[in-house]
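Chains as they are written, first to last, in my numbering: chain A, 1 to 111; chain B, 112 to 223.
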């Protein structure tokens, strides 16, 4: 079983829809990251969370430490949101800043 | 502008040749990382370094080597011992301990 699991693996939505991507993890963590990877391969860090909720524009990330679960929400989705969204966690027990990654969620937003 | 730069973006090599991928950052980060990404798979850690002149093997270090002679630079060599080197390689950096990770744009290596 992977330490970090994302769902769904693939998601297709119509423009304007509310989108949720889920991430579950099995280890104690010090932080959870949501990343966005565009078709060219470059990765952008969207959020780093250790508790609660963060919002940036149309993106909202939440984390429940007790349930070992995080969600990334996109409101009023747009075709430019199409990308792979990756959840990554920093293990509490691991020295340094190593991240363990989920396999990613491929999001396609159609006009 | 501060950032992390990988070069080249695309690289082609013949089987059996060693090849070195460049990663440079001007963010004054102590920690740097190399990841490999294969289609349909998550990022896997090859090597990481938390301080100059020190580095540690990640989960898939076999067939790779690194050096960290300068804080800004963490080159990755894909050796001929790497059985399946064709992949997308991502470099990242961060402060030591909890902190946001910054990623390069990646190098797509194709071995023919």
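For glycine and all other residues, C-beta sits at the position ideal for the given N, C-alpha and C.
Using a Cβ-Cβ cut-off of 8 angstroms (strictly less than) and excluding sequence neighbours within five positions of residue 43 of chain A, which residues of its own chain qualify? These residues qualify, in order along the chain: 35, 36, 37, 86.
Nearest to residue 193 of chain B (by Cα), restricted to the options B:126, B:155, B:178: Here the closest residue by C-alpha is B:126.
Count the CB pairs spanning the segment 2-16 of chain A and the segment 178-190 of chain B that are closer than 8 angstroms, and state whether there are at least three. Cβ pair count under 8 angstroms is below three, so no.
Host beta strand (DSSP E) of residue 52 of chain A (start-end): 52-56 is the extent of the beta strand (DSSP E) around residue 52 of chain A.
What residue range does the beta strand (DSSP E) around residue 219 of chain B cover? Start and end: 218-222.
Sorted by chain position, which residues of the same chain lie with C-beta nearer than 6 angstroms to residue 12 of chain A's C-beta, five sequence neighbours on each side aside? Around residue 12 of chain A: 108.
Within-8 angstroms CB hit, residue 124 of chain B to chain A: For residue 124 of chain B, no CB of chain A lies under 8 angstroms from its own CB, so it is not counted at the interface with that chain.
Considering only residues of the segment 130-184 of chain B, which uninterrupted beta strand (DSSP E) runs meet the minimum length of 3 residues and lie entirely inside it, listed in chain order? Every beta strand (DSSP E) stretch that sits fully inside the segment 130-184 of chain B and reaches 3 residues is listed by chain position as 130-136, 142-148, 155-162, 165-168, 175-177.
Note down, in chain order, each residue of its chain lying with its Cβ closer than 6 angstroms to the Cβ of residue 27 of chain A, except the 5 sequence neighbours on either side. Result list for residue 27 of chain A: 3, 91, in chain order.
Residues, ordered as in the chain, of the segment 7-38 of chain A that lie near chain B by beta-carbon distance below 7 angstroms: Cβ contacts with chain B come from 30, 31, 33.
Quick check on residue 90 of chain A: does DSSP put it in helix, strand or coil? DSSP, reduced to helix, strand and coil, places residue 90 of chain A within a strand of the structure shown.
Taking its Cβ as the centre, do 16 or more other Cβ atoms sit within 10 Å of residue 147 of chain B, making it buried, or is it exposed? Burial call: buried.
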